[in-house]
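**Q** The numbering used here runs 28 ahead of the 1-based position in the sequence shown. In this text, a Cβ means the ideal position worked out from N, Cα and C, and glycines have one as well.
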Amino acid sequence: MKNKNFKFIDLFAGIGGFHQSMYELGGECVFASEIDLNARKTYEHNFSKHSPNLFSNGLFNKDIKTIMPEEIPNFDVLCAGFPCQPFSQAGKKYGFEDNHKSERGNLFFDIAEIIKVKRPKAFFLENVRGLVKHDNGNTFKTIQHILTEELGYSFYHQIVKASDYGLPQLRPRAFMIGFRDEELLQGFNFPPKIPLKFNMSDVWGGECSREIGFTVRVGGRGSKIDDRRNWDAYLVNGEVRRLSFKEAQKIQGFPDDYHFPVSATQAMKQLGNSVAIDAVKCVGHNLIEYMNNLDNKGKQMKKTNNKGEWTELYTFIKILLEQRLVLSDKDLNPTGEYFKVNKVTTENLELDFIPLSEFSIKSVNRNTKEEVEIGISEIINSDTLANILNKIKTGRGTFEINDFEVIQTSLGFSVVKGGTSSQKADIVLGIEHHSFIKENESFGIKSYLGNKLTLLNASGNTNFMFEIVNLDNNKITEINSISTRTKLKDRIESIITNGGVFNYLKAEKDTMNYNLKMVDNILPNIIGYLLMTFYGNRVSKISNIVDYLCDNTDILNELDIDDKEMLINKLKKFLVDILLGFFAGSKWDGSYESNGTIVVKENGSLVTFHIIDMESLKDYLYENIRLDTPSSSRHKFGTIIQDKTKNYLKLNLQLRF
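1) Around the C-beta of ASP538, are 16 or more other C-beta atoms found within 10 angstroms, so that it is buried, or is it exposed?
2) Tell me the rounded alpha-carbon separation between ILE523 and ASN541.
3) Give, in chain order, every unbroken run of the alpha helix (DSSP H) that is at least 4 residues long and sits entirely within the stretch 519 to 607.
4) Quick test of your reading: ILE455 and THR332, contact by CB under 8 angstroms. State the CB separation rounded to the nearest angstrom.
5) Grab the span of the beta strand (DSSP E) containing LYS678 for me, first residue to last.
6) Taking the alpha carbon of LYS368 as the point to measure from, which residue in ILE429, GLU467, ASN409, ARG270 has its own alpha carbon closest?
7) Looking at ALA202 and GLY279, is the spacing between their C-beta atoms short of 9 angstroms?
8) Compare the beta carbon distance of GLU56 and PHE88 with 9 angstroms and say whether it is the shorter of the two.
9) Consider the C-beta atom of ILE626 and the heavy atoms of the ligand MG; say whether any pair is separated by less than 8 angstroms.
10) So, under 8 angstroms CB-CB, GLY624 and PHE471 are touching, yes? Tell me the CB distance rounded to an integer number of Å.
11) Beta-carbon separation of ILE142 and ILE305 under 9 angstroms?
12) From the DSSP output, which residues share a beta bridge with GLY206?
13) Ends of the beta strand (DSSP E) at LEU634?
14) Nearest-angstrom Cα distance between LEU506 and THR667?
15) What are the start and end residues of the beta strand (DSSP E) that includes GLU399?
16) DSSP three-state call for HIS461: helix, strand or coil?
17) So, PHE168 versus VAL160, is the Cβ gap smaller than 9 angstroms?
18) Note the first and the last residue of the continuous alpha helix (DSSP H) segment covering SER410.
19) For the pair the stretch 608 to 621 and the stretch 566 to 584, tell me if three or more CB-CB distances fall below 8 angstroms.
20) Nearest by alpha-carbon distance to VAL303: which of LEU39, ILE240, LYS592 is it?
21) Which one of LEU315, MET296, ASN164 has the shortest CA to CA distance from PHE216?
22) In chain order, which beta strand (DSSP E) runs of at least 3 residues are fully inside the stretch 306 to 393?
23) Using the Cα positions of ASP671 and LEU481, report the straight-line distance between them to the nearest angstrom.
24) Between the alpha carbons of MET546 and THR561, how many angstroms are there, rounded?
25) Determine the burial state of GLN197: buried for a count of at least 16 other Cβ atoms within 10 Å of its Cβ, exposed for fewer.
26) Where does PHE685 fall in DSSP's three states?
27) Between the C-alpha atoms of TYR184 and LEU349, what's the straight-line distance to the nearest angstrom?
28) Can you give me the start and stop residues for the alpha helix (DSSP H) that GLY440 sits inside?
29) Where do the ends of the beta strand (DSSP E) carrying GLN670 lie?
30) Could you give the first and the last residue of the continuous beta strand (DSSP E) run that contains TYR262?
31) Hey, which unbroken runs of the alpha helix (DSSP H) at 4 residues or more fall wholly within the stretch 164 to 240?
32) In this structure, how does DSSP classify SER84 when only helix, strand and coil are distinguished?
33) For ARG270, which three-state DSSP category applies?
34) Once DSSP output is grouped into helix, strand and coil, what is the label at LEU693?
35) By the three-class DSSP mapping on this structure, what secondary structure does SER509 have?
36) With a 10 Å radius around its C-beta and 16 neighbouring C-beta atoms as the bar for buried, classify MET204 as buried or exposed.
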């Protein structure tokens, strides 16, 4: 394992076609997930020797929906042959709307969530050819949009046949490749086609009428050789022979020492669901080579950022220039109080910048202790800031601001990386107030320069479960098909009209439930009422929802809350704890990562909230936060799910300013 060149994860792993391919390319599998029991047996039987950590450390997950992305070890490449039945010719082609067996058509969004949180260097996705044209191409456009526009990765795709890369089998599949740090390079190429390594006569050990075989499929055996749907009958030495898992293993590219500790029927099914090894290896080789090239060159060439990343840089240099932060009231107006700033750095920078006067600062390398005095007024002035502010406001997507390159070079660092989705602190300051001095005080940054500010981002971690009782099951398909502009409200109304009653259960993910109870033991139940009021009655602002709930005294009694003020205080604490403390996807210990928040106003001025004036922060959040509706298909909520004899509905909590 010490000689492994990169780390990868294997999602919807099946029997490990991706694992086998990437392992042979020098990769180490650090996490895998597969739900099918028989496929898991085959996977573990073949990979337990060279990937023991997967099985001894609980990293061979059964159900991707039960894992938090934060719990997955760090890795370089995400590999996933995500479920194809909703997109295949053999399936019913429900696509993203397929809710059969754990919403398998929506499982792409679990991949997106892992990419969002873990930020791997690259991804390698595989699916059936029909994915590209499904729903007139809209499904594929959605996938590409999420990976590129929302997650910031490049995107390449090609329909690849197993026979393109040496295997005697058709098997056309959509291969999708993307990279995190590509930026200006944009030059990945799929490998050129290569001749067959062997043909079907070699597979059968006799003269076969076909040089290239049919696609190995799941099921459908027994068709006649002249049937247009035939896939497993071959004419060998003048006799009709049926494909067994032995021949299928060869044309899928699995090595001879790969064994199946399951029945022949199961082995055939597993091979039909797998990827073609040689095709994945050939494309994977180019992916790894290109990814390593990006490692060496891409980061040096990075000149573009999104609005959030540029705003962090803007805040950084504005504080360096002004050397003070004014405190804010609940309406974002200065209170007259301020912090004198004695040091500026970030969680991602090895340099501390110490203000010496309004004209100069001192740069100190925390590792080497080297000190350099810099004339700050010669580098940054009000005109520079105004120009940068205008470019941030008018920028779209990711874009360049050349002024920053000059500033960074003059200050002696190459880049201040934007904060990750798993940190609350964007900037670290040494501050002085008349009542205290803090050497390393962490602050988050919230900006009004771009899109609407988000307090709690929607994800699979922010879904909440409701059981529906007394609903006529014959009405479920009709209700789920409602697709009006206000479809969630209309579905809820239809459920109630048809006799359904909602019983709130809990947050879908145990970690979120745990974190809410850390804030307040009855908070999960309060969230249930917030969600039903928002989606059922379209009341969005937190303070307005409280007014709505308090008009119904029965609700307060059910929550065991004495009065409106008690409910308000519980929600204010909840909002502050999200801002400064916990993430939905990881267990919270009750502590704050940062003790304040810097707000970048639309005019570019900065104001700050700090725990020394917690009431202003609470009031600001309470009066400015509202619930918002994220994508129901992406986050897998809003559709009635049938599980044996019970029916459920999930609603998602997203909070915006």
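**A** Taking the coordinates as given:
1) exposed
2) 26 angstroms
3) 538 to 547, 551 to 565, 570 to 578, 581 to 586
4) With a Cβ gap of about 21 angstroms, ILE455 and THR332 do not count as contacting.
5) 674 to 680
6) GLU467
7) Looking at the sequence itself, residue 279 is Ile, so the reference to Gly does not match. Cβ atoms of ILE279 and ALA202: not closer than 9 angstroms.
8) no
9) The model on display carries no ligand, and the ligand MG is accordingly not part of it.
10) 5 angstroms
11) no
12) PHE151
13) 634 to 638
14) A small correction: the amino acid at residue 506 is Glu; Leu does not occupy that position in the sequence shown. Approximately 11 angstroms, taken between the alpha carbons.
15) 399 to 403
16) strand
17) yes
18) 410 to 422
19) no
20) LEU39
21) LEU315
22) 352 to 356, 362 to 373, 379 to 383, 388 to 393
23) 37 angstroms
24) 24 angstroms
25) buried
26) coil
27) 43 angstroms
28) Premise fails: GLY440 is in no alpha helix (DSSP H) and is neither H nor E.
29) 669 to 671
30) 261 to 264
31) 166 to 173, 228 to 232
32) helix
33) strand
34) Residue 693 falls outside the range modelled here, since the chain spans only 29 to 685, and no answer is possible.
35) coil
36) buried
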